[in-house]
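Asker: Residue numbers (our numbering), protein chains in the order written: chain A, 1 to 135; chain B, 136 to 270; chain C, 271 to 405.
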Amino acid sequence: MEKISISTGKQSELLDITGELTAFLSRNADKGWTNGYICVFCPHTTCGVTLNEGYDPDVRRDICDFLASKIPQDWGFLHSEGNSDAHIKASIMGSSCLVPVENGRILLGKWQVAYLCEFDGPRLRNLHLSFVRSE
Amino acid sequence: MEKISISTGKQSELLDITGELTAFLSRNADKGWTNGYICVFCPHTTCGVTLNEGYDPDVRRDICDFLASKIPQDWGFLHSEGNSDAHIKASIMGSSCLVPVENGRILLGKWQVAYLCEFDGPRLRNLHLSFVRSE
Amino acid sequence: MEKISISTGKQSELLDITGELTAFLSRNADKGWTNGYICVFCPHTTCGVTLNEGYDPDVRRDICDFLASKIPQDWGFLHSEGNSDAHIKASIMGSSCLVPVENGRILLGKWQVAYLCEFDGPRLRNLHLSFVRSE
Numbered sequence: 001m002e003k004i005s006i007s008t009g010k011q012s013e014l015l016d017i018t019g020e021l022t023a024f025l026s027r028n029a030d031k032g033w034t035n036g037y038i039c040v041f042c043p044h045t046t047c048g049v050t051l052n053e054g055y056d057p058d059v060r061r062d063i064c065d066f067l068a069s070k071i072p073q074d075w076g077f078l079h080s081e082g083n084s085d086a087h088i089k090a091s092i093m094g095s096s097c098l099v100p101v102e103n104g105r106i107l108l109g110k111w112q113v114a115y116l117c118e119f120d121g122p123r124l125r126n127l128h129l130s131f132v133r134s135e
Numbered sequence: 136m137e138k139i140s141i142s143t144g145k146q147s148e149l150l151d152i153t154g155e156l157t158a159f160l161s162r163n164a165d166k167g168w169t170n171g172y173i174c175v176f177c178p179h180t181t182c183g184v185t186l187n188e189g190y191d192p193d194v195r196r197d198i199c200d201f202l203a204s205k206i207p208q209d210w211g212f213l214h215s216e217g218n219s220d221a222h223i224k225a226s227i228m229g230s231s232c233l234v235p236v237e238n239g240r241i242l243l244g245k246w247q248v249a250y251l252c253e254f255d256g257p258r259l260r261n262l263h264l265s266f267v268r269s270e
Numbered sequence: 271m272e273k274i275s276i277s278t279g280k281q282s283e284l285l286d287i288t289g290e291l292t293a294f295l296s297r298n299a300d301k302g303w304t305n306g307y308i309c310v311f312c313p314h315t316t317c318g319v320t321l322n323e324g325y326d327p328d329v330r331r332d333i334c335d336f337l338a339s340k341i342p343q344d345w346g347f348l349h350s351e352g353n354s355d356a357h358i359k360a361s362i363m364g365s366s367c368l369v370p371v372e373n374g375r376i377l378l379g380k381w382q383v384a385y386l387c388e389f390d391g392p393r394l395r396n397l398h399l400s401f402v403r404s405e
């Protein structure tokens with residue numbers, strides 16, 4: 001399992017990490033990873049990962065703004081750290097995603113990129129990457 | 136990775152794709168896929184996949200109607216294409232799901248089926264299917 | 271695929287199942303499961319699984335309370351069983367999660383635990399556990 005670090009720059013944002021996944025494949029070009037999935041695992045509980053459109057930056061902004069509006073920090077949560085909204089958003093997005101690899105190359109949809117979803121930043125975040133073979 | 140196509144018929148609907156997964160296993164009956172998971176991957180960003188109840192059609196209608204009500208198209212999104220609601224719903228449902236296979240057969244719960252979740256249809260959608268072995 | 275059973279105690283609660291996953295690894299210590307993922311699969315449609323903070327019990331309470339408030343049972347659902355709210359919450363959390371294993375040990379983040387998310391309890395629930403190798 002390879003660990004990579006990502007610096008997030010805002011309290012809430014979606015960061016395109018697809019380039020990191022391509023680099024991960026390149027670093028391991030000698031492994032014979034022909035067909036399978038890169039499993040992107042997020043070991044944090046106030047950020048998550050998802051796949052969505054990468055072309056228009058308004059899409060990722062809309063996702064963040066909508067979640068911020070519907071899951072406000074001051075909803076009346078018990079958790080004394082004050083970031084329960086971020087914990088909820090993290091579980092909604094999910095802690096891992098599978099990115100298909102075919103013939104040694106990432107096979108995402110035309111508009112699809114992989115996102116780290118920061119909900120309690122800015123911070124230095126880690127992701128664990130590994131390759132799972134498929135048939 | 137095998138590609139299948141599904142025609143969706145409405146702007147928003149959940150379509151049972153379990154039969155497609157059974158057919159995928161049948162087409163590959165000679166591969167020795169005894170135990171593992173069918174990974175269903177959705178390469179689109181305005182539809183997703185999920186597992187939920189298949190018995191009462193009201194359940195899938197309730198899921199769609201509730202999401203439509205809480206994530207309305209006219210919320211005030213920036214994205215000029217006007218389908219940010221569909222992008223958000225897609226990330227909430229997720230872009231992939233794992234369907235267990237035991238002794239060569241799909242092992243879903245009694246009421247469980249696999250759904251393609253269309254949020255910006257009707258369209259022709261693609262899904263990528265593959266098999267991941269487990270122990 | 272190994273089946274485990276969990277008794278839930280409330281209508282809605284998140285139950286820490288990380289100990290069950292450690293026990294699953296221990297029971298299979300002779301299998302050479304060095305690097306990969308425990309795939310936790312939930313065969314039910316009114317409960318799900320997620321990873322989130324395990325340290326402060328208020329976090330899991332906040333998640334349940336927030337979802338109960340935003341997805342109320344009496345929203346006006348069609349499904350006659352009256353538990354469409356639970357079906358929706360289950361799909362939002364997801365029916366499976368991947369828990370990384372490195373050098374034969376579970377590798378979760380510092381605050382991360384695995385949760386069974388009960389939304390229509392109390393009940394006896396089942397989970398299917400298996401190991402998927404990664405590189």
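All C-beta atoms, glycine included, are put in the ideal place defined by N, C-alpha and C. Computed from a prediction, not measured in an experiment: that's the story for all the values here.
Of all Cβ atoms in chain A, is any one closer than 7 Å to the Cβ of Ser140 (chain B)?
Answerer: On the second sequence, residue 140 (chain B) is found 5 positions in, with the first residue counted as 1. No, no contact with chain A.
Asker: Alpha carbon to alpha carbon, how far is Cys196 (chain B) from Gly32 (chain A)?
Answerer: The residue labelled residue 196 (chain B) in the question sits at position 61 within the second sequence. The residue labelled residue 32 (chain A) in the question sits at position 32 within the first sequence. The question names Cys, but residue 196 (chain B) is Arg in the sequence shown. Those two C-alpha atoms are separated by around 44 Å.
Asker: For Asp332 (chain C), write down the residues that DSSP places opposite it in a beta bridge.
Answerer: Here residue 332 (chain C) refers to the residue found at position 62 of the third sequence. Answer by DSSP bridge pairing: none, since Asp332 (chain C) is not bridged.
Asker: For Pro370 (chain C), decide whether its Cβ has a neighbour in chain A, counting only Cβ atoms nearer than 7 Å.
Answerer: Stepping through the third sequence from its first residue, residue 370 (chain C) is reached at position 100. Yes, Pro370 (chain C) counts as interfacial toward chain A.
Asker: Is there contact here, the stretch 181-198 of chain B with the stretch 16-25 of chain A, by at least three beta-carbon pairs under 8 Å?
Answerer: Flag = no, the stretch 181-198 of chain B and the stretch 16-25 of chain A do not touch.
Asker: Measuring CB atoms only, is the stretch 30-47 of chain A touching the stretch 64-78 of chain A, in the sense that at least three cross pairs come out at less than 8 Å?
Answerer: No, because fewer than three Cβ pairs between the stretch 30-47 of chain A and the stretch 64-78 of chain A fall closer than 8 Å, the two stretches do not touch.
Asker: Would you mind listing the alpha helix (DSSP H) stretches within the stretch 354-386 of chain C that are 4+ residues and don't spill past its ends, in chain order?
Answerer: Runs found: 354-363.
Asker: Give the single residue among A:Phe66, A:Asp85, A:Cys47, A:Leu67 whose Cα lies nearest to the Cα of Asp335 (chain C).
Answerer: Walking along the third sequence from the start, residue 335 (chain C) turns up at place 65. The candidate whose alpha carbon is nearest that of Asp335 (chain C) is A:Asp85.
Asker: In the DSSP assignment, what are the bridge partners of Arg395 (chain C)?
Answerer: Within the third sequence, residue 395 (chain C) is the residue found at index 125, counting from 1. Note: Arg395 (chain C) sits in a beta bridge opposite C:Ile276.
Asker: Please classify Asn322 (chain C): is it buried, with 16 or more other beta-carbons within 10 angstroms of its beta-carbon, or exposed?
Answerer: Counted from its first residue, the third sequence places residue 322 (chain C) at position 52. Asn322 (chain C) comes out buried.
Asker: For Arg125 (chain A) and Ile6 (chain A), which I take to be in contact (beta-carbon distance under 8 Å), what is that distance rounded to the nearest angstrom?
Answerer: Here residue 125 (chain A) refers to the residue found at position 125 when the first sequence is read from its first residue. Here residue 6 (chain A) refers to the residue found at position 6 when the first sequence is read from its first residue. Confirmed, about 5 Å.
Asker: So, helix, strand or coil for Phe131 (chain A), using DSSP?
Answerer: Locating residue 131 (chain A) in the first sequence gives position 131, counting from the first residue. Three-state result, Phe131 (chain A): strand.
Asker: Among C:Ser296, C:Glu283, C:Pro342, C:Lys280, which one has its Cα closest to the Cα of Arg375 (chain C)?
Answerer: Sequence index remark: in the third sequence, residue 375 (chain C) carries index 105 (1-based). Comparing Cα-Cα distances from Arg375 (chain C) to each of C:Ser296, C:Glu283, C:Pro342, C:Lys280, the minimum goes to C:Ser296.
Asker: For Ser134 (chain A) and Asp74 (chain A), what's the separation of their Cα atoms in angstroms?
Answerer: Here the question's residue 134 (chain A) lines up with position 134 in the first sequence. Here the question's residue 74 (chain A) lines up with position 74 in the first sequence. Approximately 44 Å, taken between the alpha carbons.
Asker: For Cys367 (chain C), tell me which candidate among C:Lys340, C:Val310, C:Cys317, C:His314 has the shortest Cα-Cα distance.
Answerer: Position 97 of the third sequence holds residue 367 (chain C). That would be C:Val310, whose Cα lies nearest to the Cα of Cys367 (chain C).
Asker: For Gly306 (chain C), which beta-bridge partners are listed by DSSP?
Answerer: As a first step, residue 306 (chain C) is located in the third sequence; it is residue number 36 there, counting from the start. According to DSSP, Gly306 (chain C) bridges with C:Val371, C:Arg403.
Asker: Going by the beta-carbon positions, is the gap between Gly144 (chain B) and Pro257 (chain B) smaller than 7 Å?
Answerer: As a position in the second sequence, residue 144 (chain B) is number 9, starting the count at 1. As a position in the second sequence, residue 257 (chain B) is number 122, starting the count at 1. It is a contact, given that the beta carbons lie within the stated cut-off.
Asker: Which residues bound the alpha helix (DSSP H) around Glu20 (chain A)?
Answerer: Position 20 of the first sequence holds residue 20 (chain A). Taken as a continuous stretch (DSSP letters only), the alpha helix (DSSP H) holding Glu20 (chain A) covers 18-27.
Asker: Does any residue of chain C have a CB that is nearer than 7 Å to the CB of Leu14 (chain A)?
Answerer: Numbered from its first residue, the first sequence carries residue 14 (chain A) at position 14. No, Leu14 (chain A) lies away from the interface with chain C (no Cβ there is under 7 Å from its Cβ).
Asker: Alpha carbons only, please: which of C:Gln382, C:Phe389, C:Leu399, C:Gly364 is nearest the one belonging to Ser339 (chain C)?
Answerer: Locating residue 339 (chain C) in the third sequence gives position 69, counting from the first residue. Nearest option by C-alpha distance: C:Phe389.
Asker: If I follow the unbroken beta strand (DSSP E) through Thr185 (chain B), where does it start and stop?
Answerer: The residue labelled residue 185 (chain B) in the question sits at position 50 within the second sequence. 182-188 is the span of the beta strand (DSSP E), which, as asked, contains Thr185 (chain B).
Asker: I need the straight-line Cα distance from Asp56 (chain A) to Val99 (chain A), nearest angstrom please.
Answerer: Start at 1 with the first residue of the first sequence, and residue 56 (chain A) comes out as number 56. Start at 1 with the first residue of the first sequence, and residue 99 (chain A) comes out as number 99. If I take the Cα positions, the gap works out to 20 Å.
Asker: My output table needs one value for Leu14 (chain A): the three-state DSSP class, helix, strand or coil.
Answerer: To locate residue 14 (chain A), count along the first sequence from 1; it is residue 14. In the structure shown, Leu14 (chain A) sits in a strand (DSSP, three-state: E or B).
Asker: I believe Val267 (chain B) touches Val371 (chain C) by the beta-carbon criterion, under 8 Å. Please report the beta-carbon distance rounded to the nearest angstrom.
Answerer: Stepping through the second sequence from its first residue, residue 267 (chain B) is reached at position 132. Stepping through the third sequence from its first residue, residue 371 (chain C) is reached at position 101. Actually they do not touch by this definition, with Cβ atoms about 15 Å apart.
Asker: Can you tell me whether Asn83 (chain A) is buried or exposed? The criterion is at least 16 other CB atoms within 10 Å of its CB, across all chains shown.
Answerer: Along the first sequence, one-based indexing puts residue 83 (chain A) at 83. Under this definition Asn83 (chain A) is a buried residue.
Asker: For a contact meaning CB atoms closer than 7 Å, what does Gln112 (chain A) contact in chain B?
Answerer: Walking along the first sequence from the start, residue 112 (chain A) turns up at place 112. Result: Pro178, Thr180.
Asker: Using a Cβ-Cβ cutoff of 7 Å, what residues of the stretch 121-135 of chain A are near chain B? List them in chain order.
Answerer: Listed by position, the residues of the stretch 121-135 of chain A near chain B (Cβ gap below 7 Å) are Val132, Ser134, Glu135.
Asker: Along chain B, in chain order, which residues have C-beta atoms closer than 7 Å to that of Cys309 (chain C)?
Answerer: Looking up residue 309 (chain C) in the third sequence gives position 39. Tyr172, Leu233, Ser269, listed in chain order.
Asker: Using Cβ-Cβ distances below 7 Å, what residues of the stretch 52-86 of chain A are close to chain B?
Answerer: The residues in question are Asn52, Glu53, Asp56, Asp58, Val59, Arg61, Asp62, Ile63, Phe66.
Asker: Identify the contact partners of Ile92 (chain A) in chain B, using a Cβ-Cβ distance below 9 Å as the criterion.
Answerer: The residue labelled residue 92 (chain A) in the question sits at position 92 within the first sequence. Ordered by position in chain B, the residues that pass the 9 Å Cβ test against Ile92 (chain A) are Ser226, Ile227.
Asker: State yes or no: is the beta carbon of Ser26 (chain A) nearer than 7 Å to at least one beta carbon in chain C?
Answerer: The residue labelled residue 26 (chain A) in the question sits at position 26 within the first sequence. Output row for Ser26 (chain A): interface = no.
Asker: Taking Cβ positions, are Thr320 (chain C) and Met363 (chain C) nearer each other than 7 Å?
Answerer: Working through the third sequence from its first residue, we reach residue 320 (chain C) at position 50. Working through the third sequence from its first residue, we reach residue 363 (chain C) at position 93. In this structure, Met363 (chain C) lies closer than 7 Å to Thr320 (chain C) by Cβ.
Asker: Excluding the 5 residues preceding and the 5 following Leu67 (chain A) in the sequence, name in chain order all residues of the same chain whose CB lies nearer than 6 Å to its CB.
Answerer: On the first sequence, residue 67 (chain A) is found 67 positions in, with the first residue counted as 1. Contacts found: Lys89.
Asker: List the whole-angstrom C-beta distance separating Cys312 (chain C) from Leu399 (chain C), where the pair is believed to meet the contact cut-off of C-beta under 8 Å.
Answerer: Numbered from 1 along the third sequence, position 42 holds the residue referred to as residue 312 (chain C). Numbered from 1 along the third sequence, position 129 holds the residue referred to as residue 399 (chain C). That belief does not hold up - the Cβ atoms of Cys312 (chain C) and Leu399 (chain C) are roughly 11 Å apart, past 8 Å.
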